[in-house]
Amino acid sequence: MAGIKQRLESTQETPPAMTSYWLLKTEPSSYSIDDLAAAPEQTTHWDGVRNYQARNMLRDELQEGDRVLLYHSVKNPAIVGTATVVRSGYPDPSAWDKRSKYYDAKSDPENPRWYMVDVRLDEKFEQPLTLAELREMKKLQEMELLRKGSRLSVQPVRKAEWTAILAKAKAP
DNA sequence: GCCAACGTTGGC
DNA sequence: GCCAACGTTGGC
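If you're matching positions, the first sequence starts at 498 in the numbering used here and goes up one per residue.
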């Protein structure tokens, strides 16, 4: 056994450090960027996601070091800042906490159904980039967030979209 | 508050 | 496996 493990380790190549970009939605009435700014080490468990497509991305795709746009939905919808993934997907224990509003009787520690990541705040924009402003940006024509009926609370973001959004946030 | 767009549930 | 009913999200 040990021999096999060692062989695997010695032949394994370190994958190139590839940063991916994501957008995480939150309703500021339940958790806002200011809550994140006030959190210890400005870090939080991004828990409570209860949609399978979003779950799959949290579990399988978001990697440590990936960058994140933070989006406030519903009230004054806008991108409000950026964060970094500091821990990739792992089981979301709020699913088996009966006191949690995210409790799900069908999830249990033996067979976790829901996942979360940890994120740390990088920057709160001085001026939020409103949904209306985003819709006016030519480079975001195909952005998932702007698609009609788009509801996913975890979305991939293209690098070009990330760049355009950051540039716009710096020079509004 | 309205309602369109999705996702989930459950009867058959 | 289909699909109607229901629940949720989220912009406006």
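C-beta atoms are modelled at their ideal positions from N, C-alpha and C, and glycine is treated no differently.
Give me the Cβ distance between residue i and residue j, rounded to the nearest whole Å; I'm assuming they're in contact under 8 Å.
i, j, result
"G586", "L555", "5 Å"
"V583", "E558", "The Cβ separation is near 16 Å, so there is no contact."
When the distance is taken between beta carbons, is residue j closer than 8 Å to residue i?
i, j, result
"A575", "P625", "yes"
"L552", "Y600", "The sequence shown places Arg at residue 552, rather than the Leu named in the question. In this structure, Y600 does not lie closer than 8 Å to R552 by Cβ."
"Q539", "R644", "no"
"Y568", "W659", "no"
"V546", "S650", "yes"
"Q652", "L520", "yes"
"S570", "K522", "yes"
"F622", "V577", "yes"
"A661", "M634", "yes"
"R610", "S604", "yes"
"K598", "S526", "no"
Cβ of residue i within 7 Å of any heavy atom in the ligand FMN?
i, result
"R632", "Only the bare structure without any ligand can be found here, which leaves the ligand FMN out of the picture."
Going by other Cβ atoms of all chains shown within 10 Å of its Cβ, with 16 needed for buried, is residue i buried or exposed?
i, result
"A666", "buried"
"V654", "buried"
"D589", "buried"
"D563", "buried"
"T516", "exposed"
"D615", "buried"
"D619", "exposed"
"Q503", "At Q503, the pLDDT of 45 sits below 50, so the modelled position is not reliable; the number obtained from the coordinates is stated separately. Under this definition Q503 is an exposed residue."
"D544", "buried"
"K656", "exposed"
"A668", "exposed"
Checklist entry - Curious, which full-length beta strand (DSSP E) runs of at least 3 residues does the region 551 to 580 contain? => result The qualifying runs are 564 to 569.
Checklist entry - What are the uninterrupted segments assigned as alpha helix (DSSP H) that are 4 or more residues long and contained completely in the region 599 to 666, given in chain order? => result Those alpha helix (DSSP H) runs which fall completely within the region 599 to 666 and span 4+ residues are 628 to 633.
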